[in-house]
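One structure is given below, encoded as structure tokens.
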Amino acid sequence: MSEDEPFRYLSVAGGPELYLVTGEGADGEILQLHEPAAGSQSVELVCGGQMGVFPRRDLVTREQVHSAVSDFLNGFPDGLGESWSVDQ
Numbered sequence: 013m014s015e016d017e018p019f020r021y022l023s024v025a026g027g028p029e030l031y032l033v034t035g036e037g038a039d040g041e042i043l044q045l046h047e048p049a050a051g052s053q054s055v056e057l058v059c060g061g062q063m064g065v066f067p068r069r070d071l072v073t074r075e076q077v078h079s080a081v082s083d084f085l086n087g088f089p090d091g092l093g094e095s096w097s098v099d100q
């Protein structure tokens, strides 16, 4: 990473069908990809070697992960979009 890169990291955990995607922007904001229409039922998923329980809306599909990684590597050319939440 260099000072002129707009984002610090993107993390993808879980699988093989659902994934948790988080990251950190250059200004220290915490990013998380969501699928709001998926609902809030609980889903068990192994992330970082630990079993966790997540609302389904906080998990995304493989296709959404591919798109998010591509957007991240390209500096989010169209902005983050409504599927991303940003916390300071």
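For the sequence shown, my numbering assigns the number 13 to the initial residue and increments by one for each residue that follows.
Just so it is clear, CB atoms sit at the ideal spot from N, CA and C, and this is done for glycine as well.
This structure is a prediction, so every number in the text was calculated from the model and none was measured.
Q | Nearest-angstrom Cβ-Cβ length linking LEU43 and VAL98, presumed shorter than 8 Å | A | The residue given as residue 43 occupies position 31 in the sequence shown. The residue given as residue 98 occupies position 86 in the sequence shown. The pair is a contact, with the Cβ atoms about 6 Å apart (cut-off 8 Å).
Q: Pull up the CB-CB distance for TYR31 and ARG74, whole angstroms please, since I reckon it's below 8 Å.
A: Here residue 31 corresponds to residue number 19 of the sequence shown, with the count starting at 1. Here residue 74 corresponds to residue number 62 of the sequence shown, with the count starting at 1. TYR31 to ARG74, Cβ: 7 Å. Contact.
Q | Inter-residue Cα distance where the pair is GLY35 and SER23 | A | Within the sequence shown, the letter at position 23 stands for residue 35. Within the sequence shown, the letter at position 11 stands for residue 23. Approximately 6 Å between the Cα atoms of the pair.
(Q) Under DSSP, the alpha helix (DSSP H) around PHE66 begins and ends at which residues? (A) The sequence position of residue 66 within the sequence shown is 54, counting from 1. From DSSP, PHE66 is part of no alpha helix (DSSP H) but of the beta strand (DSSP E) over 62–67.
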